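Please read the structure below before turning to the comments.
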Amino acid sequence: MSIVIKGGTVVSSHGRRQLDIRINGEKITELGNGLSIADGEEVVDATGCFIFPGLIDGHTHLELNNGMTDTSDDFTTGSIAAVAKGTTTVIDMATPEHGGTLDECLITWNKMAEGKSSADFNYHMSVIEWNENIAKEIPKMVKKGVTTFKMYMAYDNLRTNDAELYEAMKIIKSVGGMLGVHCENGDVINQLQAEYLKAGKTGPENHPLTRPNQLEAEAVNRYLTIAKQANLAVNIVHLSTKEALEVVKHARAEGQEVYVETCPQYLLLDDEAYGLPNFEGAKYVCSPPLRKKADQEALWQGIIDGEVNTISTDHCDFNFKDQKIIGKDDFTKIPGGMPGVESRPELVYTAGVAAGKITPERFVELLSENIAKQFDLYPQKGIIQVDSDADIVIWDPEATGVISAKTQLQHCDYTPFEGFQTKGKARSVYLRGNKVAENGEIISTKQGKFIFRKIT
Ligand SMILES: [Zn+2]
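Here full-length UniProt numbering is used: the first residue of the sequence shown is 1, the next is one more, and so on.
Written out as C-alpha cells, the structure is:
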C-alpha cells in the first residue's frame with residue numbers, strides 16, 4: 001500500500017519545506033516536489049498543514065502499581081490517548097520489584113505492552129537497588145535493545161545512595177548508555193514531611209512546601225557532580241525549578257554534557273492549584289510539585305535559549321474519586337502523578353508556537369527529534385526523511401479545541417488542564433505507514449511494537 005501526502009510543510013529542526021511524501025509499507029520512500037502518482041496510490045491533501053515526525057513521549061508511566069494502587073490508565077488506554085493526538089512512540093519507565101532482576105522487569109513490561117500498545121514503545125530500565133547482579137544486567141539490557149536507565153534520589157522504595165549512583169554510572173558509561181535521574185533530596189523531604197504531619201498539617205497544600213526548590217537544585221548539583229566523576233553524559237528528568245536550571249547552566253559552562261527534560265505541567269500550572277477547596281489540590285500532586293510563576297518563566301526562557309532539550313509528560317494518572325482520596329488525611333499518601341500523554345502536543349503547540357514563544361521547528365525538536373537522538377531512536381524516529389519509519393502527524397495549525405475530562409481518551413476522571421483552550425491539533429496520524437488516528441479519534445489500535453534501540 002502506497003500513499004502520497006501532498007502539499008504539506010515538512011518540519012524539522014533544520015527548517016520547514018513544502019514537500020510531498022511517499023510512504024511505502026512502513027517507511028518513507030521518497031520526498032520531493034510534485035511527486036508523480038502511480039495507479040492505485042492513495043493521495044492525501046495536506047495543504048495548509050504542518051507535517052511533523054511522529055511525536056515521542058520520553059517519560060511515561062502508562063501502567064504502574066505504586067505500591068498502593070494501580071494507575072488508572074494501562075498500556076491499552078494510555079497508548080490510544082497518546083496516538084490519537086500525535087504521539088506515536090512512548091518510552092515508559094520500567095520499574096523492577098525489590099529483589100527482582102532487570103530481566104524479569106523487562107518481561108513484565110513486554111507482557112503489559114506487547115499486543116496492547118497502539119504506540120511504538122521501549123523503556124527506560126529503572127535501577128532501584130544496587131548489587132553485583134544488577135551491575136551485570138546493565139550490559140545485557142543494552143544487548144536487548146534497552147539502552148537507557150532511570151534512577152531516583154527521592155522516594156525510599158526507589159532510591160539508591162550516592163555511592164550506588166556512582167557505581168551504576170560507571171557501568172552505564174562503559175556500555176555507552178544514557179541515565180536519567182529524578183533529582184530531589186529524599187532525606188530532607190522525609191524530615192520535612194514528618195515535621196509537617198506532626199504539626200497537624202495534612203492537606204495537599206503542604207505537598208509543595210515539603211519539596212522546596214532548593215531540594216531539587218541541591219540534588220541536581222550532587223547528581224551532576226557525581227556524573228562528572230564518572231565522566232557520564234546525563235539527563236535530568238522533569239526539571240521544574242529556576243534554581244536547578246541555573247545549576248545546569250553552570251555545569252554546562254564548565255564543559256559538562258547535560259540534558260534537561262521538563263513537562264507541560266511545570267510550564268503551564270503553578271502551586272496555587274494546591275490551595276483549591278474540597279481536596280481538589282490532590283489532583284495536582286506530583287513530584288517534583290508544581291512551582292511558582294517565576295519558575296515557569298525560567299523554564300520557558302530555557303526552552304527558547306536551548307537550555308531545555310526535551311518536553312515529555314511523566315504521565316502517571318490516578319483517579320481523583322477513588323485513588324487520590326487515599327491521601328485525604330495525609331498528603332504524603334496521595335498517589336503522585338497526573339495524566340498528560342494525550343494533551344502534550346496541543347498544550348505545547350498552543351502555549352509555545354501559537355503564542356509566538358517558539359517556532360514549529362523548535363516544537364519538533366523538543367517533542368520528537370531531540371528525544372529520538374538522546375534515546376537512540378534516531379533516525380528511525382524523530383525525522384521525516386527517506387528510510388525513516390513513516391510515523392507522520394498532519395497537523396492543522398488553525399484547529400481549535402478545549403481540553404476536558406469529558407472528552408479525553410486518557411482513562412482518568414479529571415484532567416489538570418480542564419478548560420484549556422487549544423490552537424492546533426493532529427488531523428491525521430500515521431504509525432509506520434498505517435493511518436491510526438483521524439481528527440482526534442483512534443481508528444486502528446494495538447499496532448505498536450517494541451522498537452529495538454542500538455547505541456550509535
Ligand atoms: Zn516519572
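Cβ atoms here follow ideal geometry from the backbone N, Cα and C, with glycine treated the same way. These numbers come from a predicted model, not from an experiment.
Candidates I226, Q301, V175, S117, of which the one nearest I138 by Cα: Minimum Cα distance to I138 is reached at V175.
Does the beta-carbon of I455 have 16 or more other beta-carbons within 10 angstroms, so that it is buried, or is it exposed? exposed
Contact check, E216 vs A233 under 8 Å by CB: the rounded distance? Going by Cβ atoms, the distance from E216 to A233 rounds to 20 Å, so no, they are not a contact pair.
Buried or exposed: where does N231 fall if 16 or more other Cβ atoms within 10 Å of its Cβ makes it buried? By the Cβ-count criterion, N231 is exposed, with fewer than 16 other Cβ atoms from all chains shown falling within 10 Å of its own Cβ.
How many angstroms separate the CA atom of P397 from the CA atom of W130? Their backbone Cα atoms lie some 48 Å apart in a straight line.
At a threshold of 7 Å, does C49 count as lining ligand 1 (C-beta to nearest heavy atom)? no
Assumed close pair R211, P288 - CB separation to whole angstroms, cut-off 8 Å: 6 Å
Just to check, is the beta-carbon of H59 closer than 7 Å to a non-hydrogen atom of ligand 1? Yes, the Cβ of H59 comes within 7 Å of a heavy atom of ligand 1.
For the alpha helix (DSSP H) that contains V364, what are its first and last residues? V364 -> alpha helix (DSSP H) spans 360-364.
Spatial neighbours of G32 within its chain, please: CB distance less than 7 Å, with the 5 preceding and 5 following residues excluded, ordered by chain position. Exclusion of the five residues before and after G32 leaves L19, D20 as the residues of its chain whose Cβ lies within less than 7 Å of its Cβ.
Which whole-angstrom value is the C-beta distance of V386 and E30, which I expect to be below 8 Å? 7 Å
Please identify the residue among Y430, S404, G433 whose C-alpha is closest to the C-alpha of E422. Reading off the sequence, residue 422 comes out as Thr, not Glu. It is S404.
Do you know offhand how far A253's Cα is from V260's? The alpha-carbon of A253 is positioned some 15 Å away from that of V260.
Count the other C-beta atoms from every protein chain shown that fall within 10 angstroms of the C-beta of N206, then say buried if there are 16 or more, exposed otherwise. buried
My guess is that H305 and R291 are in contact by the Cβ rule of under 8 Å, so how many angstroms apart are they, rounded? It is worth fixing the name first, because residue 305 is Asp in this sequence and not His. No, D305 and R291 are not in contact; Cβ-Cβ is about 19 Å, not under 8 Å.
Leaving out five residues on either side along the sequence, give the residues of the same chain with a beta carbon under 7 Å from the beta carbon of G58. Beyond the five residues adjoining it in sequence on each side, G58 comes within less than 7 Å, by CB distance, of I91, E261, T310, S312, I371, F375 in the same chain, given in chain order.
Closer than 7 Å by C-beta to F363: which residues in its own chain qualify, once you throw out the five before and the five after it? Chain order, please. These residues qualify, in order along the chain: V348, Y349, G352, V353.
Reference Q410, options A46, T77, D156, closest by Cα: T77
Going along the chain, which residues of its own chain have a beta-carbon closer than 6 Å to the beta-carbon of T147, five neighbours each way excluded? G177, D376, R453, I455
Stretch pair the region 315-325 + the region 184-193: three plus CB contacts closer than 8 Å: no
Taking the alpha carbon of G203 as the reference point, which residue from V220, N161, E280 has its own alpha carbon closest? E280
Looking at the structure shown, is T160 part of a helix, part of a strand, or coil, going by DSSP? coil
Tell me where the beta strand (DSSP E) around A437 begins and ends. 434-438
Grouping DSSP H, G and I as helix and E and B as strand, with all else coil, what is V146? DSSP places V146 in coil when its eight states are reduced to three.
Give the list of continuous alpha helix (DSSP H) stretches no shorter than 4 residues that lie fully inside the region 286-345. 293-305
Rounded straight-line distance, which links the Cα of A119 to that of A82: 7 Å
Roughly how many whole angstroms lie between the Cα atoms of H14 and G99? 46 Å
Own chain residues within Cβ distance below 8 Å of Q447, not counting five before or after: S118, L431, R432, N434, V436
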